[in-house]
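Have a look at the structure below, then the notes.
2 protein chains.
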Amino acid sequence: MTDPSQNVRVELGDRSYDIEIGRGNLARTGEFIAARTKITHGIIITDARVEQLHAETVRASLLRGGARVDLIAVPEGERSKSMERATTLWNQLLDLGADRRSVVVAVGGGVVGDLAGFIAATFTRGIPFFQIPTTLLAQVDSSVGGKVGVNLPRAKNMVGAFWQPLGVLIDTEVLKSMTERDYRAGLAEVVKYGVILDAEFFAFLEANVAGLLGRRHDVLRRVIARSCELKAQVVAGDERDESGLRAVLNYGHTFAHAIESESRYDTHLHGEAVSIGMMCAAHLAERLGRVSPLFTQRQQRLLEALGLPIVPLDVKADALLAAMLHDKKVEHGQLRFVLPTRLGHVELVGNIDPGDVKAALSAQ
Amino acid sequence: MTDPSQNVRVELGDRSYDIEIGRGNLARTGEFIAARTKITHGIIITDARVEQLHAETVRASLLRGGARVDLIAVPEGERSKSMERATTLWNQLLDLGADRRSVVVAVGGGVVGDLAGFIAATFTRGIPFFQIPTTLLAQVDSSVGGKVGVNLPRAKNMVGAFWQPLGVLIDTEVLKSMTERDYRAGLAEVVKYGVILDAEFFAFLEANVAGLLGRRHDVLRRVIARSCELKAQVVAGDERDESGLRAVLNYGHTFAHAIESESRYDTHLHGEAVSIGMMCAAHLAERLGRVSPLFTQRQQRLLEALGLPIVPLDVKADALLAAMLHDKKVEHGQLRFVLPTRLGHVELVGNIDPGDVKAALSAQ
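In order, the protein sequence lines correspond to chains C and Z. This note's numbering numbers the first residue of the first sequence as 1 and each following residue consecutively. This note's numbering numbers the first residue of the second sequence as 1001 and each following residue consecutively.
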């Protein structure tokens, strides 16, 4: 049943690591980790839902390798990405006798990966960790690149670190347990990679909508590998999000963050907000004469074919604009957006007129 | 009034930075920072006591450079090195409109430096910061090397990061405002550098006890610069405390942490505990036949001449041993100590018999 895995290397000097994508990989966790670090004490951090579905497979594999294994399951959902939960976890690690040689294994979606990664980044000033993402969104985005952290009550991802995993292990099989809505939301980030970096990949997605929606293993392996590869290239050139290169990954995200924030994170899934945000960005780019209406249409058609929303629900343009001025990527009050110039290419554009942003928001 | 400053370079690749030591340096903060980064928004983090004494000088200097400057004073003392205080600070930074280009300036002792550094390391995944240490201990130790963090209720420095400052500015003049007891405690770490790395420096200290106790500027500048230089060399070779090289800086510290922990951090100042800890380590080394009684005597004589304690107050050997087994530097339960082989040279020694440790603790 196990097809060959595909390997993607994230090149970051002495912090380089592999992303391995294949079917049935969860059961290989022990070998994957043991090949990369000495593990005598593993701490699996997961959530209540993933614990039932997948974490036991990971635990069994680690135990076979002879490590002591502890498992901590946090409540499911974004609320666990808080300083309160982090504080509980740090104390739990202390109770478990964790030390600088213990290894954190994050098994779950983006919330679990970000939270567990932040714990790993900060416990005794940093211990090794591995990512085993179990949602499509986490597999193609949040598990790659080393951004970890938690939310403050009034601002997402405001406290965190750059802390690279020693490896990322991806199992396409686990995606079968995702709800249709969650799964589709993850596809938004996949589409994003095509738009910002790879027109050919975008065309591949257009040609494989049925395979994507049917969660076909061969299509998924290829799509996840290419998404990770594209993200890895960007991250390798701008690990700490400083040069502006990594900013291209935020295509649609300034809008998305505002949409999520204004709908209090309960109307739209992140991927859905990204889908809408990409449409806002496309409209803004069109308005500024950077792309033709054809670009916008093609992006919209693919997003719709994948069952993704393209207009925000119940949120006003004024409120969105105000929220955007609060985004931590807004430096000293200047509105900047990642905007396309053609399919497969985007640029960071500064000094955008708020009036144009409002118009783009209303273009929907 | 301003004599020439002495400069020490910490070589850490693209994270290299200068430590500048001189008289009256606080008033030069603005220039020092502006020479190293663009500063439009500075956030001074200090404590209530230092705010009165020194932070205003720093603020005035930054304002002269044209930056917007905010100042946050935390309550004085180790209790501020907590997750609760950190959470308050992150939210305060958010309220002040801090973003990725804001610069944190830590003005205070070790508590302020560790706390402010941790805030800088984690706010929006890391923003630039500068250290302006105002105690002798912070000047020769905690402000150099990038270790930042806070305590958990049951474990010191358990949550943190390695986050290098962009520069460290040291003013010998501020030491005049220290209490005699605090000042002398700082001298323990100075003596430590001589013992672990530089017999000649140790001899210089022996010959300059009067100048040290009199806080003579010329003696202080030389002693602080050499201490920083020695620490910088070690840090450059082992930035993340991984190779074992940086462990030499922990001479006396496994004992000291246990003494501090067992006396609930209110009987001994850190430097006092280090002084006692160095004596414990010397006794242990002597017991293991690694040094002669002469070594122990010479170390004891200098510490006593500087007014430092050499035996712990009101703490039992059994309790200290138990606390040591809890230290985060104890890896998987193995007791390891930094022990001298001669003046100016120490080694990390593993597999120490707990019986020998107890005997060394009772040798006092």
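For glycine and all other residues, C-beta sits at the position ideal for the given N, C-alpha and C.
- Apart from sequence neighbours up to five positions away, the residues of its chain that approach residue 302(C) with a beta-carbon distance below 7 Å are 191, 205, 206, ordered along the chain.
- Counting only unbroken stretches of 4 or more residues, the alpha helix (DSSP H) elements lying wholly within the stretch 1081 to 1124 of chain Z are 1083 to 1095, 1110 to 1122, in sequence order.
- Proximity to residue 1241(Z) across 298(C), 101(C), 275(C), 39(C) peaks at 101(C), based on C-alpha coordinates.
- Taking the C-beta atoms as reference points, residue 1133(Z) is found no nearer than 8 Å to residue 1146(Z).
- Looking from the CA of residue 345(C), the closest CA among 359(C), 231(C), 197(C) belongs to 197(C).
- Interface with chain Z (8 Å Cβ-Cβ cutoff): residue 123(C) is included.
- Pairing residue 254(C) with residue 337(C), the inter-Cα distance amounts to about 7 Å.
- Contacts with chain C (Cβ-Cβ distance below 8 Å) from the stretch 1033 to 1046 of chain Z involve 1040, 1041, listed in chain order.
- Between residue 1131(Z) and residue 1165(Z), the CB-CB gap stays under 8 Å.
- Assigned with DSSP and collapsed to three states, residue 1071(Z) falls in strand.
- Runs of the alpha helix (DSSP H) lying entirely within the stretch 1188 to 1228 of chain Z and spanning at least 4 residues, in chain order: 1199 to 1207, 1209 to 1213.
- Note: residue 1309(Z) is not bridge-paired with any residue in the DSSP secondary-structure output.
- Taking residue 1061(Z) as the centre and dropping the five residues before and after it, the same chain places the C-beta of 1027, 1029, 1030 closer than 6 Å to its C-beta, in chain order.
- By the beta-carbon neighbour count (other beta carbons within 10 angstroms, threshold 16), residue 1023(Z) is buried.
- The way I'd put it, the stretch 1259 to 1271 of chain Z doesn't touch the stretch 1348 to 1355 of chain Z; fewer than three beta-carbon pairs between them come closer than 8 Å.
- Proximity to residue 1173(Z) across 1160(Z), 1210(Z), 1135(Z) peaks at 1135(Z), based on C-alpha coordinates.
- Considering only beta carbons, the part of the stretch 108 to 133 of chain C lying closer than 8 Å to chain Z consists of 121, 122, 123, 124, 125, 126, in chain order.
- Sorting 1256(Z), 1326(Z), 1341(Z), 1313(Z) by C-alpha distance to the C-alpha of residue 1296(Z) places 1341(Z) at the top.
- Of the residues assessed, residue 1035(Z) falls on the exposed side of the cut-off, its CB having fewer than 16 other CB atoms within 10 angstroms.
- Counting other Cβ atoms within 10 Å of its Cβ, residue 1311(Z) stays below 16 and is therefore classed as exposed.
- Counting only Cβ-Cβ distances below 7 Å, residue 87(C) has contacts in chain Z at 1083, in chain order.
- Residue 1339(Z) and residue 1281(Z) do touch by the CB rule: their CB atoms are close to 6 Å apart, below 8 Å.
- In the structure shown, residue 182(C) adopts helical secondary structure according to DSSP, grouped into three states.
- Secondary structure note for residue 260(C): its alpha helix (DSSP H) is the uninterrupted segment 253 to 262.
- Taking 8 Å as the cut-off, the Cβ atoms of residue 1209(Z) and residue 1294(Z) do not count as close.
- 1147, 1149, 1152, 1154, 1155, 1158, 1159, 1160, 1161, 1162: these are the residues of the stretch 1141 to 1172 of chain Z whose beta carbon lies less than 7 Å from some beta carbon of chain C, given in chain order.
- Residue environment for residue 1037(Z): exposed (fewer than 16 other C-beta atoms within 10 angstroms of its C-beta).
- In this structure, the beta-carbon distance from residue 51(C) to residue 32(C) does not fall below 8 Å.
- Chain Z has no Cβ within less than 8 Å of the Cβ of residue 245(C).
- Beta bridge pairing from DSSP links residue 19(C) with 8(C), 168(C).
- Around residue 200(C), the same chain offers no residue with a beta carbon nearer than 6 Å, after the five sequence neighbours per side are excluded.
- Within chain C, the residues whose beta carbon sits less than 7 Å from that of residue 1091(Z) are 152, listed in sequence order.
- Per DSSP, residue 1356(Z) is one residue of the alpha helix (DSSP H) stretching across 1354 to 1362.
- Under the 8 Å Cβ criterion, the stretch 75 to 94 of chain C does not count as touching the stretch 1111 to 1126 of chain Z, having fewer than three qualifying pairs.
- With respect to residue 1077(Z), residue 1039(Z) sits apart: the two C-beta atoms are not nearer than 8 Å.
- Burial of residue 1299(Z) is indicated by the presence of at least 16 other C-beta atoms within 10 angstroms of its C-beta.
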